[in-house]
Amino acid sequence: MAPRHLARAAVAGLAAVALLGTAACGSGFDDNSGDANQSSGPASLQILIGSSGDAETKAVQDAAAKWASSSGNTATVTPAQDLTQQLGQALAGGTPPDVFYVDATRFADYASVGALEPYGDKISNTGDFYESLRTAFTYDGKLYCAPKDFSTLALEINTDLWAKAGLTDADVPTTWDQLTATAQKIKAKGQVPLALGDTRDRIGAFMVQNGGWLMSDDGKQPTADTPENLAALQYVKTLLTSGLAQYPKQLDAGWSGEAFGKGKAVMTIEGNWIKGALQNDFPNVKYKVVPLPAGPKGQGTLSFTQCWGIAAKSKYKEQAIKFVEAMTSGEQQMAFATAFGVMPSRQSVRDQYTTAFPADKPFIDGVAYAQGPVNAPKMDSVLRDLEAGLQGLGTGDPKTILANFDKNAKAALGG
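Note that the sequence shown covers residues -23 to -1, 1 to 392 in mature numbering (1 follows the signal peptide of the UniProt record, and there is no 0).
Written out as structure tokens, the structure reads:
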């Protein structure tokens, strides 16, 4: 099964569109009349999660039960079949769960229509959350929700195939030039050097390494059509056209991790979710993880994160905030990390995490130079168009791809 982040682009969901449509017509999300309906007694919290599997579901249910028993409330955790769709329907229908996972790629859509309670400043020690994660859940200057956990991209190397190509530790690439040189050595030995995902969630890292990105920090202006981004896409195009990198479909794989697991490429660029996928599907693959090679402007990677959203219409906001406080404590985050492999969003448990999971250090170190997802509402179709352009990058024009994004994004944001 492909990791959950791979599916999210495909689950835009009519329900989310319905949510935005009804909110634009005055659904009452933006008024605060709901606060008069707050219940101060014991809460019966409904919690909707997008679970990666049984381990995550059980861990969250256990943590919720522990919180409920110690606080005198009840908390029911339900794993969604399709979180985007179910959450969109519930928010549009006016009967949302009290607490739910919100992906950073969806956050601005929900925040912009008043569906989320902006409770972020009520959680203790918010400065302990990594800055890039706080930024991902800030809208109009307000921290809306507490980051739950995160992942970043790094470079994975198949150590057996590396040795077979005659390479040593001295060949581990730390710059674009070294990546090209090492890839050429691998190709000369008849192997595919790099399996690279054909999406913004992978190729975007090269933009960050060259000092670029798709949007301004405040999410208000598209910034794709720049010399920095153009040079980054031209570099990736060169890797593709010279056979130094191949997309998963060229390697008969559903995603880069599968191509890597099958030994069809010596290196890949993936997040820490690859660990569980390889353990499950390709347990005999020996590999190591190193930071992504730096670009001309320095190190760069992408971060993927979710927050604990609280519904603006919840009757139990105070209790919900206390629930989130418990779920985001350092101790609880370490329990989640051990149970299902996520990285804690609090910096205070970073050393504890790297001691417990030393092989994941490149992933957690990446948060210092990571770029979060596009943080703007109404961007679904714009991003789909960008993905289509990137999928054809090998034969396409990078300048056109970037200019199209800016044009489409301006129209979406202006509309």
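From the three backbone atoms N, C-alpha and C, an ideal C-beta is built for every residue, glycine too. Because the structure is a prediction, the values reported are computed rather than measured.
Report the CB separation of residue i from residue j in whole angstroms; it is logged as a contact under 8 angstroms.
i	j	result
P375	Q211	5 angstroms
E205	L130	With 8 angstroms as the limit, E205 and L130 do not qualify as a contact, their Cβ atoms being about 19 angstroms apart.
M320	D126	6 angstroms
F84	N352	7 angstroms
G181	W232	About 16 angstroms; that fails the 8 angstroms criterion.
L191	F382	6 angstroms
Y293	L64	Between L64 and Y293 the Cβ distance is about 17 angstroms, and since that is not below 8 angstroms, they are no contact.
P350	T176	P350 to T176, Cβ: 11 angstroms. No contact.
L221	K241	14 angstroms between Cβ atoms; not a contact.
N135	V243	5 angstroms
P199	K387	6 angstroms
L207	G234	About 29 angstroms separates the two Cβ atoms, so there is no contact after all.
F183	A160	F183 to A160, Cβ: 14 angstroms. No contact.
With 16 as the cutoff for other CB atoms within 10 Å, does residue i come out buried or exposed?
i	result
residue 402	Because the chain is modelled from -23 through 392, residue 402 falls outside the range shown and cannot be assessed.
A365	exposed
Q58	exposed
E108	exposed
S322	buried
Q186	buried
P260	exposed
P225	buried
A165	exposed
S358	exposed
T377	exposed
P73	buried
K263	exposed
H(-19)	Here the model assigns H(-19) a pLDDT of 46, short of 50, so the residue's position is not dependable, and the following value carries that caveat. With 16 or more other Cβ atoms within 10 Å, it is buried.
P335	exposed
G71	exposed
K252	buried
A140	exposed
P268	buried
D258	exposed
D7	For D7, the pLDDT reaches just 42, beneath the cut-off of 50, and the residue's location in the model is therefore unreliable, leaving the point undetermined.
Q310	buried
D337	buried
On the DSSP bridge assignment, give the partners of residue i in chain order.
i	result
I24	V54, V76
Q348	L279
M311	Paired residues: none, contrary to the question.
M320	F127
P335	Paired residues: none, contrary to the question.
L93	A288
M356	DSSP lists no partner for M356.
A172	Q223, T245
residue 393	This structure does not reach residue 393, given that the chain is present from -23 up to 392, and the question cannot be answered.
residue 402	One cannot answer for residue 402 here, as it falls past the ends of the chain, which runs -23 to 392.
Segment contact flag, the stretch 89 to 102 with the stretch 118 to 137, C-beta cutoff 8 angstroms, min 3 pairs: These segments touch.
Whole runs of the beta strand (DSSP E) within the stretch 202 to 281, excluding any shorter than 3 residues: Within the stretch 202 to 281, the complete beta strand (DSSP E) runs of at least 3 residues are 244 to 248, 264 to 267.
The stretch 144 to 151 touching the stretch 169 to 186, judged by at least three CB pairs closer than 8 angstroms: Below 8 angstroms, too few C-beta pairs join the stretch 144 to 151 and the stretch 169 to 186 to call them touching: fewer than three.
Completely contained beta strand (DSSP E) runs for the stretch 115 to 170, where each covers 3 or more residues: The stretch 115 to 170 contains these whole beta strand (DSSP E) runs: 123 to 135.
The stretch 109 to 116 / the stretch 332 to 352 touching (three or more Cβ pairs under 8 angstroms): Enough Cβ pairs lie closer than 8 angstroms, so yes.
The stretch 266 to 277 touching the stretch 24 to 33, judged by at least three CB pairs closer than 8 angstroms: Because the criterion of three Cβ pairs below 8 angstroms is not met, the stretch 266 to 277 and the stretch 24 to 33 do not touch.
contact_flag[the stretch 300 to 318, the stretch 30 to 38] where n(CB pairs < 8 angstroms) is 3 or more: Yes: at least three Cβ pairs fall under 8 angstroms.
Meets three-Cβ-pair contact criterion under 8 angstroms: the stretch 295 to 302 and the stretch 277 to 287: The count of Cβ pairs closer than 8 angstroms, one atom from the stretch 295 to 302 and one from the stretch 277 to 287, reaches three, so the stretches are in contact.
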